[in-house]
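In terms of the numbering used here, the sequence shown opens at residue 119 and continues consecutively.
Working notes, structure below.
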Amino acid sequence: MLVATCTWSVLVGAVAAQDVRWRLPPGGAIQWQSTEAETCHAIDDPKRRAAPPHGTQPHAALLLANELDKDARATTVHLHDVRWLAPRLACDLGTFGKGRNVDLVVDDIVPFQPFRLRGTIADAAADGTQTMTFELVAAPAPAARERKRLAEKEPARQVHFDGSCTGSLRLQRKVDATAGIVAEFTAEVTLRIAYSPRYPVPNCDYVLRQTWTAAEVRTRRQAGFEAAVADAIRRGAENVRHELAIPDRGLLQPGPDQPSGEGYLALGLLTLLHAEVGADDTVVRQGFAE
119 MLVATCTWSV LVGAVAAQDV RWRLPPGGAI QWQSTEAETC HAIDDPKRRA
169 APPHGTQPHA ALLLANELDK DARATTVHLH DVRWLAPRLA CDLGTFGKGR
219 NVDLVVDDIV PFQPFRLRGT IADAAADGTQ TMTFELVAAP APAARERKRL
269 AEKEPARQVH FDGSCTGSLR LQRKVDATAG IVAEFTAEVT LRIAYSPRYP
319 VPNCDYVLRQ TWTAAEVRTR RQAGFEAAVA DAIRRGAENV RHELAIPDRG
369 LLQPGPDQPS GEGYLALGLL TLLHAEVGAD DTVVRQGFAE
């Protein structure tokens, strides 16, 4: 999945990719079963656990047909954290086929400054299996200068893109060229992360292992869609209700730069009412009383 803000340049021996494209039905989607395992610890103390470089909510292992570019080779969605780095590479069918050496600049992964992925994409095997191996290094000077220019123009961007990372990434995917899908992939991302001094967290070593398998293509509003949506709303409402009910408000607790929690409470209550949680529910009544 390459996005417009990334720079893709083939350095050595580029060979045109096979004419393999995504073949999702209009308005449809592809969904994988995904597993993730990660470790993160302080560089100066391997026994000290550190927070991973992403938020608490998981990503959906899902790609919508309307998220594909006009050539149906990659997504146009602007992606954010490191958990989508491997899926982005795995789902770029423009790199399927003949092997090549590549140099990819990534500049949209929070909280990192631009970094470079340098490595190789091997020839695809007859069964559609293909291996990618990269090292993560500092971005070239032009990308760093561009990031500085954007930060000066939009200071808020600097808040989210001022960490750095180095490391490696190994990925193996299996593409079903006839169906036009990525059937599965496994990946391991190993990072050494240096945060900005303003973050009260230690620099850390981070390892992420991902497996996406059992791809299922769904048509637009296929049988069971409405029931699935209703179930998702129900489960989401249960989570919001739980966060409002616990004393410290959990994930809905405002941060140190947002001392007032009334907005969080109001939005949480509005969410519950739209999810058809009754106005006489204990948590809803307590929230409105507050």
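For glycine and all other residues, C-beta sits at the position ideal for the given N, C-alpha and C.
Cβ shell of residue i (< 6 Å), same chain only, five flanking positions each side left out
| i | result |
| --- | --- |
| V300 | A208, C209, R291 and V293 |
| A397 | none |
| Q149 | L180 and E334 |
| L287 | F252 and V307 |
| A393 | I351 and A355 |
Residue i versus residue j: straight-line alpha-carbon distance, rounded
| i | j | result |
| --- | --- | --- |
| G381 | G298 | 45 Å |
| V121 | A243 | Caution applies to V121, whose pLDDT of 38 falls short of 50 and renders its modelled position unreliable; the model cannot decide the point. |
| V133 | R359 | No answer about V133 holds up, because its pLDDT of 37 lies below 50 and its placement is not dependable. |
| T400 | G173 | 30 Å |
| R141 | R403 | 49 Å |
| G217 | D241 | 4 Å |
| G145 | R310 | 40 Å |
| R339 | A147 | 10 Å |
| A155 | A305 | 11 Å |
| Q231 | S282 | 6 Å |
| L370 | L383 | 8 Å |
| E408 | Q175 | 27 Å |
| T337 | D245 | 26 Å |
| A341 | M250 | 37 Å |
Sequence-distant residues of the same chain with beta carbon closer than 8 Å to residue i, five excluded per side
| i | result |
| --- | --- |
| H159 | K165, R166, R167, A168, C322 and D323 |
| D189 | R139 and G212 |
| V325 | E156, T157, C158, E306, V307, T308 and L309 |
Identity of the residues DSSP links to residue i by a beta bridge
| i | result |
| --- | --- |
| R290 | Before going on, a small fix: residue 290 reads as Gln here, not Arg. DSSP, once it has assigned bridges, lists T249 and T304 as partnering Q290. |
| I239 | R218 and M250 |
| H159 | R167 and D323 |
Residue-chain proximity (residue i, chain B), Cβ-Cβ < 8 Å
| i | result |
| --- | --- |
| L211 | Reference to chain B is not applicable here, since this structure consists of a single protein chain. |
Sequence-distant residues of the same chain with beta carbon closer than 7 Å to residue i, five excluded per side
| i | result |
| --- | --- |
| T331 | W150, Q151 and E302 |
| L182 | A147 |
| W202 | H177 |
Supposed close pair residue i, residue j - CB separation, criterion 8 Å
| i | j | result |
| --- | --- | --- |
| T153 | T329 | 5 Å |
| E195 | E185 | Checking the sequence, you will find Val at residue 195 rather than Glu. 5 Å between Cβ atoms; contact. |
| F233 | V224 | 6 Å |
| P229 | F279 | 6 Å |
* the region 336-345 contacting the region 378-395, beta-carbon criterion three pairs below 8 Å -> no
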